Amino acid sequence: MSHLRFLCASLVLSACGPVPSVPDDAPIADAPIADAPIADTAADVALDAPSLPTDVGPPDPLLRTTHFGLVALEQYTARQGDFFGSASAAFDDTSDLSGVEVVDSEGDLPEGGHCLVRVQLRPFSRDPSESLVLAGTVRIGTDASEEVLTLDRVAGTGEYGPFRLAEPRWVAGEILMISTTGATVPAFDATLVVPPAVAFVVPAEPPPTDRVHVTHDAPYEIRWTPQEGGLAFIRFDQSTISGDTWRIMMLECAFPASVGTATLPRELTRGLLPSDTGTITSVTVGGAASASLEAGTFAIRATMHMISRRASAEID
0 MSHLRFLCAS
10 LVLSACGPVP
20 SVPDDAPIAD
30 APIADAPIAD
40 TAADVALDAP
50 SLPTDVGPPD
60 PLLRTTHFGL
70 VALEQYTARQ
80 GDFFGSASAA
90 FDDTSDLSGV
100 EVVDSEGDLP
110 EGGHCLVRVQ
120 LRPFSRDPSE
130 SLVLAGTVRI
140 GTDASEEVLT
150 LDRVAGTGEY
160 GPFRLAEPRW
170 VAGEILMIST
180 TGATVPAFDA
190 TLVVPPAVAF
200 VVPAEPPPTD
210 RVHVTHDAPY
220 EIRWTPQEGG
230 LAFIRFDQST
240 ISGDTWRIMM
250 LECAFPASVG
260 TATLPRELTR
270 GLLPSDTGTI
280 TSVTVGGAAS
290 ASLEAGTFAI
300 RATMHMISRR
310 ASAEID
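Just so you know, we're using numbering that gives the first Met the number 0 here: the sequence shown kicks off at 0 and counts up by one.
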């Protein structure tokens with residue numbers, strides 16, 4: 000599987016990006032997680048889309064999504080090779096593609112948390128860039144500077160970026176202003192407040208040769224240093240191939256940073272496929288902000304993640 004194919008599909012599901020061990024001269028799409036071989040899974044591996052549990056909060060109905068988009072901004076708390084983060088966008092219209100299904104589920108959790116699950120199922124033989132459409136030029140600015148970051152699509156792919164940040168660009172508390180000039184996706188505007196960094200205790204940073212270990216189908220407790228303001232988030236990104244079906248899943252939960260601890264119930268963790276199915280998993284933690292809006296028939300999500308850590312994960 001090419002780096003581009005993994006990246007195209009990941010961008011519209013999560014702000015998937017590089018891991019800390021990216022070589023200095025490697026493009027973002029060449030991160031080890033994206034580059035790792037994905038073994039064919041057994042034919043009986045369930046690749047359906049998990050829903051949020053009804054006993055831990057009122058989830059919205061599952062949505063079969065055909066028009067959606069993501070503007071994803073990431074900044075690390077420490078330099079990653081030769082960059083500090085990235086800005087990217089992708090806008091997807093799957094309505095004319097056979098065999099492609101995108102399923103969203105959202106709901107509330109205890110401790111004031113909120114989760115989003117997005118699963119995309121598509122034929123592996125189909126290039127994800129086939130369904131990407133244009134939104135004109137994407138412009139990203141702040142209330143603290145007149146400098147504007149402009150993203151234009153990458154020729155031949157429909158993607159916007161990823162644009163690497165050579166230095167830290169955003170400061171907690173600044174207001175991010177995102178706008179597009181419009182094309183197939185109508186013009187839209189969104190604002191976000193840059194979140195503060197959050198120092199996580201669990202999951203801890205694994206040794207260089209190890210991974211974060213998570214038990215499938217069991218509650219998973221996360222802990223961080225409590226702080227006033229902002230959200231603490233944890234996100235799992237998974238990629239699995241079974242026959243000609245490619246399953247890409249994102250599970251992201253965010254909690255008030257002031258609570259310091261939270262538990263993902265087993266009803267959520269059982270949606271993570273175990274690693275012995277050939278699934279590649281990464282886990283990302285830090286501070287988060289997001290906004291959702293509609294542009295015509297497109298459901299748009301704009302996200303800003305202040306990333307403390309990203310690592311490979313082993314789902315037992």
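Yeah, the Cβ is synthetic: ideal placement off N, Cα and C, and Gly gets one too.
Keep in mind that this is a model prediction, so the values were computed, not measured.
On the criterion of 16 or more Cβ atoms from any shown chain inside 10 Å, does residue i qualify as buried, or is it exposed?
i	result
residue 302	buried
residue 296	exposed
residue 77	exposed
residue 306	buried
residue 229	buried
residue 315	exposed
residue 174	exposed
residue 274	buried
residue 201	exposed
residue 68	buried
residue 300	buried
residue 121	buried
residue 38	Bear in mind that a pLDDT of 39 at residue 38, under 50, signals an unreliable position, so the model cannot answer this.
residue 180	exposed
residue 127	buried
residue 236	buried
residue 105	buried
residue 224	exposed
residue 63	exposed
residue 239	buried
residue 227	exposed
Based on the DSSP output, what are the partners of residue i in its beta bridges?
i	result
residue 190	176
residue 108	112
residue 255	230
residue 288	303
residue 62	103
residue 121	245
residue 282	235 and 310
residue 250	116 and 235
residue 131	91
Between residue i and residue j, how many whole angstroms is the CB-CB distance? I'm expecting something under 8 Å.
i	j	result
residue 282	residue 233	7 Å
residue 215	residue 152	Rounded, the Cβ-Cβ distance is 38 Å, inconsistent with contact.
residue 186	residue 135	7 Å
residue 310	residue 210	7 Å
residue 103	residue 117	5 Å
residue 74	residue 101	No, residue 74 and residue 101 are not in contact; Cβ-Cβ is about 27 Å, not under 8 Å.
residue 256	residue 184	Their Cβ separation, rounded to whole angstroms, is 32 Å, which puts residue 256 and residue 184 out of contact at 8 Å.
residue 113	residue 253	6 Å
residue 85	residue 164	6 Å
residue 213	residue 312	6 Å
residue 308	residue 204	6 Å
Along the chain, where does the beta strand (DSSP E) containing residue i start, and where does it finish?
i	result
residue 313	297-314
residue 265	From DSSP, residue 265 is part of no beta strand (DSSP E) but of the alpha helix (DSSP H) over 265-268.
residue 235	230-241
residue 91	82-92
residue 170	Residue 170 -> no beta strand (DSSP E), and no H or E assigned at all.
residue 66	66-79
residue 144	144-150
residue 160	159-164
residue 222	219-223
Grab the span of the alpha helix (DSSP H) containing residue i for me, first residue to last.
i	result
residue 138	Counting along the chain, residue 138 falls outside any alpha helix (DSSP H), though it belongs to the beta strand (DSSP E) covering 137-141.
task: Give a yes or no on contact between the region 155-165 and the region 140-147, applying the rule of three or more CB pairs nearer than 8 Å.
output: With a cut-off of 8 Å, the region 140-147 and the region 155-165 do not count as touching, because too few Cβ pairs lie within range.
- prompt: Pairing CB atoms from the region 259-268 with CB atoms from the region 213-220, are three or more of them under 8 Å?
  reply: Yes: the two stretches touch, three or more of their Cβ pairs being nearer than 8 Å.
- prompt: Would you call the region 78-92 and the region 117-131 touching, i.e. three or more CB-CB distances under 8 Å?
  reply: Cβ pair count under 8 Å is three or more, so yes.
query: Counting pairs of Cβ atoms below 8 Å between the region 193-205 and the region 279-294, do you hit three or more?
result: Yes, they touch.
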